[in-house]
Amino acid sequence: MLFDDLRATVAAYLPHQDLSPLEKAYQFGADRHGPQLRVSGEPYITHPLNVALILTRFKADLASLTAAILHDVVEDTETPLTEVEQMFGKQVSDLVDGMTKIGKIEFRSSQERLAENFRKMLFAMAKDVRVILIKLADRLHNMRTIEALPPAKKRRIAQETLDIYAPLASRLGIYGIKSELEDLCLRHIKPDVYKELKGKIAAKKAERIAYIDEVKEKLESELKKYGFQNAIVYGRPKHFFSIYKKMVERHLAFEDIHDLFAFRIIVESVKDCYEALGVVHAMWKPMPGRFKDYIAMPKANMYQSLHTTVIRPNGEPAEIQIRTHEMHETCEFGI
0 MLFDDLRATV AAYLPHQDLS PLEKAYQFGA DRHGPQLRVS GEPYITHPLN VALILTRFKA
60 DLASLTAAIL HDVVEDTETP LTEVEQMFGK QVSDLVDGMT KIGKIEFRSS QERLAENFRK
120 MLFAMAKDVR VILIKLADRL HNMRTIEALP PAKKRRIAQE TLDIYAPLAS RLGIYGIKSE
180 LEDLCLRHIK PDVYKELKGK IAAKKAERIA YIDEVKEKLE SELKKYGFQN AIVYGRPKHF
240 FSIYKKMVER HLAFEDIHDL FAFRIIVESV KDCYEALGVV HAMWKPMPGR FKDYIAMPKA
300 NMYQSLHTTV IRPNGEPAEI QIRTHEMHET CEFGI
């Protein structure tokens, strides 16, 4: 059951917190949404529960999770905001109110949509950034479950997501949500391109896994040799949208893109970041013009990492990011 999963997940990172407000919100939301169904035919309450589950990735606080479960009760049922405040307190009702206001924004043109929505959403964020995080989780679950909608509506929602919500997640430094939103948007805006990319990448799955494992093992071995016993190395294929964007911007065919993978090294300190960079550059030749120091010069959203691209002995480039655990937390969970 979704609520049981939610409660267990929250209990794991808030072990000493009274979770009864979550159960109360679930019962209240289930009662108010009643027999309401999503377009897919599922009970409507499954949506706010999934939104709350997404928020647990960011170890969201109890007020955010409670508001996530209740985020549609004012907009979609006859429940007044005052009742939410009476039952769950002002903090939760303010978050629900912020979500309701964002949900009512309408646009007369695409240009107005881009400008107005950013202004109003950023204004809401200035009051409480948790409203934006709940909204991003809401949009992510809607994009994950968009299949039941008519094709034209799917494309419209996907384009709006690409124009507004993915850049907003990027501004907040929530790259996990940003990347998933972009891939889902590509799937519905350009389904043929998405299907082709997915097929070509899947065709070389075994080769891809072997390549990632090989690079990881070499990095781990070399780093340990130089005293980085606790360094963590990750490797992953790049996201579909990232590959598609590179193909469009550089006028390349899929077969001409060689840096399809990204590697990440996580170390203990800033000093370790630069020393690990030296180890990597001693292993493989760095590509000129492809080094970026976001530690000395962080992005506006507080993102920090060293970025380098190196040429491996087989002539293929490998993109590597180096950061501390704290920088990694900021990158994963945003500001």
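All residue numbers for the sequence shown refer to numbering that gives the first Met the number 0, where the first residue is 0 and numbers rise by one. Idealized CB from N, CA, C, for every residue including glycine. These figures come from a predicted structure and were not determined experimentally.
Sort out for me which residues DSSP pairs residue i with in a bridge.
i	result
E325	Note: E325 sits in no beta bridge, so no partner.
G234	F262
E318	A261, T308
P42	L36
K291	H306
K284	I310
Using the Cβ count rule (16 or more neighbours within 10 Å means buried), how would you classify residue i?
i	result
Y225	exposed
A24	buried
Q26	exposed
K126	exposed
V50	buried
G277	exposed
D271	buried
I176	buried
G234	buried
Y12	exposed
R143	exposed
K134	buried
R138	buried
A230	buried
V232	buried
S39	exposed
H140	buried
A147	exposed
A205	exposed
D182	buried
D212	exposed
A168	buried
M326	buried
Q303	buried
M296	exposed
D71	buried
D93	buried
How far does the alpha helix (DSSP H) with residue i in it reach, from first residue to last?
i	result
I211	204 to 224
R154	150 to 159
A67	61 to 69
K100	89 to 102
T8	1 to 12
E181	174 to 188
D75	72 to 75
I133	128 to 143
P166	165 to 170
F239	239 to 249
Kindly list the residues whose CB is nearer than 8 angstroms to the CB of residue i, restricted to its own chain and excluding five residues on each side of it in sequence; keep chain order.
i	result
W283	V309, I310, R311, P312, A317
D75	H32, Q35, Y43
K298	G172
L69	A24, F27, G28, P47, V83, F87, V91, V95
Y210	F260
R207	I200, P236, L259, F260
T55	L5, T8, V9, Y12, L64
T45	L1, R37
K103	E74
E216	none
Apart from the five residues just before and just after residue i, which ones in its own chain have a Cβ nearer than 7 angstroms to its Cβ?
i	result
I256	I242, K245, M246
D340	As displayed, the chain neither begins before 0 nor continues past 334, which places residue 340 out of reach and without an answer.
L18	R6, V9, A10
P20	L61, T65, F87
I319	F262, I264, V279, T307, V309
Y193	L185, R186, F239
Y164	L135, R138, L180
Q16	L61
D292	L305
R289	T307, T308
For residue i and residue j, which I take to be in contact (beta-carbon distance under 8 angstroms), what is that distance rounded to the nearest angstrom?
i	j	result
D96	L80	6 angstroms
P149	I200	With 8 angstroms as the limit, P149 and I200 do not qualify as a contact, their Cβ atoms being about 29 angstroms apart.
E248	T323	Contact doesn't hold; Cβ gap of about 31 angstroms is too wide.
L132	F57	7 angstroms
M301	T329	6 angstroms
Could you pull the start and end residues of the beta strand (DSSP E) that residue i belongs to?
i	result
V50	First-last for V50: 45 to 55, but that is the alpha helix (DSSP H), not the beta strand (DSSP E).
H306	305 to 310
For chain E, find out if any of its Cβ atoms is closer than 8 angstroms to the Cβ of residue i; answer yes or no.
i	result
A66	Any reference to chain E falls outside this structure, which holds one protein chain only.
Leaving out five residues on either side along the sequence, give the residues of the same chain with a beta carbon under 6 angstroms from the beta carbon of residue i.
i	result
K258	In the sequence as presented, Lys is not what sits at residue 258; that position holds Asp. Excluding positions up to five away in sequence, the list reads P316, E318.
A157	C184, H187, I188
L251	none
Less than 7 angstroms separating the Cβ of residue i from some heavy atom of the ligand HEM?
i	result
Q85	As far as ligands go, the structure on display features none, and thus does not contain the ligand HEM.
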